[in-house]
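Participant:
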Amino acid sequence: MPEFNGGSMAIVQRAAPERAALTTGHTADRVRVLLDEGNTRWRTFAPSRPNQGSDRRRALWEAETEDPVATVLGCADSRVPPEMLFDRGLGDLYTVRAFGQVPDSSVTGSLVHGTRELATPLLVVLGHSHCAAVREAVTARRSGRVPEGHTGFLVEGILDAIEDVPEDVPGDFLDACTRANTMHVADQLRHEPGLRERVHSGELRIEPAHYSLKRSRVEWLGDLPENRPGPETGVPQQRAPNSP
Ligand SMILES: [Zn+2]
Numbered sequence: 002m003p004e005f006n007g008g009s010m011a012i013v014q015r016a017a018p019e020r021a022a023l024t025t026g027h028t029a030d031r032v033r034v035l036l037d038e039g040n041t042r043w044r045t046f047a048p049s050r051p052n053q054g055s056d057r058r059r060a061l062w063e064a065e066t067e068d069p070v071a072t073v074l075g076c077a078d079s080r081v082p083p084e085m086l087f088d089r090g091l092g093d094l095y096t097v098r099a100f101g102q103v104p105d106s107s108v109t110g111s112l113v114h115g116t117r118e119l120a121t122p123l124l125v126v127l128g129h130s131h132c133a134a135v136r137e138a139v140t141a142r143r144s145g146r147v148p149e150g151h152t153g154f155l156v157e158g159i160l161d162a163i164e165d166v167p168e169d170v171p172g173d174f175l176d177a178c179t180r181a182n183t184m185h186v187a188d189q190l191r192h193e194p195g196l197r198e199r200v201h202s203g204e205l206r207i208e209p210a211h212y213s214l215k216r217s218r219v220e221w222l223g224d225l226p227e228n229r230p231g232p233e234t235g236v237p238q239q240r241a242p243n244s245p
């Protein structure tokens, strides 16, 4: 195993070109191509696992900062790790995960850091099939009973997202609710004060996407609705209540 030999200015200077080459000139379009290519490798069982070797670890360590190409908000579900399903490596994706990708202040603050301070041009809101969080919300909607505590906070967020999905929607109801939740979160974030300025200026694009566990495929859900009236503050500011 190569030894890490840090601390000298010479090493920092050698690391700079590699780091720059990974990120310079990446537009949202280019980043999406990179993610598509990675997902193709993943779903065809031919991952290249880039940027996971000792050289990459050393370059990131010596750089003393990070420069990811995309920010990803995904579900905490153990079956949907963004770095694996997009076949990327260390320092490539700034990833924030929460059950049902429901944003609260902590999640949104993290996303603001990834998109504004780290200047990633693309924010992917990644939902997925068979999402247990959405399933809990569907159960709550049908029973009229919302769980207490932290789980209730998450379920209520998803209930807002799926309230317009009819029970007789064509196709699978849970799948429709999952997609509606992803679109809802992406739309919330588009109106979030810490993000909307970059969206309006064209420096940031927010893309909702859906990952199929069965197909191992990421499907882009399309542009967010134009001119949809939204609240000044897109994400609830309260923190999750303490559980008993
Ligand atoms: Zn989930």
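Quick note, our numbering runs 1 ahead of the 1-based positions in the sequence shown.
The C-beta atom is built at its ideal place from N, Cα and C for all residues, glycine as well.
#1: What first and last residue would you give for the beta strand (DSSP E) that runs through Thr152?
#2: Nearest to Val34 by alpha carbon, out of Phe87, Ser49, Leu127 and Leu214?
#3: Measuring from the CB of Val108, is there a heavy atom of ligand 1 at a distance below 8 Å?
#4: Based on Cα-Cα distance, which residue from Asp68, Gly153 and Asp165 lies nearest to Ala253?
#5: What is the residue span of the beta strand (DSSP E) that His129 lies within?
#6: Quick test of the definition: if touching needs 3 or more C-beta pairs under 8 Å, does the region 90 to 99 touch the region 179 to 193?
#7: Which same chain residues, not among the five before or five after Glu157, have their C-beta less than 7 Å away from its C-beta?
#8: Considering only C-alpha positions, which residue in the set Leu205, Asn40, Arg136 and Gly153 is nearest to Pro122?
#9: Going by the CB atoms, is the gap between Val186 and Gly128 shorter than 9 Å?
#10: Note down, in chain order, each residue of its chain lying with its Cβ closer than 7 Å to the Cβ of Arg44, except the 5 sequence neighbours on either side.
#11: Is the separation between the beta-carbon of Thr72 and that of Val135 shorter than 9 Å?
#12: What residue range is occupied by the uninterrupted alpha helix (DSSP H) comprising Arg44?
#13: Taking just the CA atoms, how far does Leu74 sit from Glu164?
#14: Among the residues of its own chain, which have a CB less than 6 Å from the CB of Glu137, if the five just before and after it don't count?
#15: Within the present structure, is the beta-carbon of Val156 separated from the nearest heavy atom of ligand 1 by less than 8 Å?
#16: Could you check which residue in Gly90, Arg89 and Ala77 has the C-alpha nearest to that of Ser130?
#17: So, helix, strand or coil for His211, using DSSP?
Facilitator: Considering the structure as presented:
#1: Sequence index remark: in the sequence shown, residue 152 carries index 151 (1-based). Run containing Thr152: none in the beta strand (DSSP E); it sits in the alpha helix (DSSP H), Gly150 to Ile163.
#2: Translated into the one-based positions of the sequence shown, residue 34 becomes position 33. Residue Phe87 is the option with its Cα nearest to Val34.
#3: Within the sequence shown, the letter at position 107 stands for residue 108. For ligand 1, not one heavy atom lies less than 8 Å from the Cβ of Val108.
#4: Missing from the structure shown is residue 253; the chain here goes from 2 to 245 and no further.
#5: Taking the sequence shown and counting its residues from 1, one reaches residue 129 at position 128. His129 -> beta strand (DSSP E) spans Leu123 to His129.
#6: They do not touch, by the three-pair rule.
#7: Reading the sequence shown from its first residue, position 156 is the one you call residue 157. Cβ neighbours of Glu157 beyond the five flanking positions: Val147.
#8: Position 121 of the sequence shown holds residue 122. Answer by Cα proximity: Leu205.
#9: In the sequence shown, counting from the first residue as 1, residue 128 sits at position 127. In the sequence shown, counting from the first residue as 1, residue 186 sits at position 185. Result yes, Cβ atoms of Gly128 and Val186 sit closer than 9 Å.
#10: Locating residue 44 in the sequence shown gives position 43, counting from the first residue. Non-local C-beta neighbours of Arg44 in its own chain, meaning closer than 7 Å and more than five positions away in sequence, comprise Arg216, Ser217 and Arg218, ordered along the chain.
#11: Translated into positions along the sequence shown, residue 72 becomes position 71. Translated into positions along the sequence shown, residue 135 becomes position 134. No, the pair does not count as a contact, with Cβ atoms beyond the cut-off.
#12: Within the sequence shown, the letter at position 43 stands for residue 44. Here the alpha helix (DSSP H) through Arg44 covers Ala29 to Arg44.
#13: As a working mapping, residue 164 is identified with position 163 in the sequence shown. As a working mapping, residue 74 is identified with position 73 in the sequence shown. Across the structure, Glu164 and Leu74 are spaced so that their CA atoms are roughly 22 Å apart.
#14: Indexing the sequence shown from 1 puts residue 137 at position 136. Sequence-distant Cβ neighbours of Glu137 in its own chain, meaning closer than 6 Å and more than five residues away, are Val156.
#15: Here residue 156 refers to the residue found at position 155 of the sequence shown. Val156: no, Cβ never under 8 Å from ligand 1.
#16: Numbered from its first residue, the sequence shown carries residue 130 at position 129. Selected option, being the one with the closest Cα: Ala77.
#17: To locate residue 211, count along the sequence shown from 1; it is residue 210. Assignment of His211 by DSSP, reduced to helix, strand and coil, places it in the strand class.
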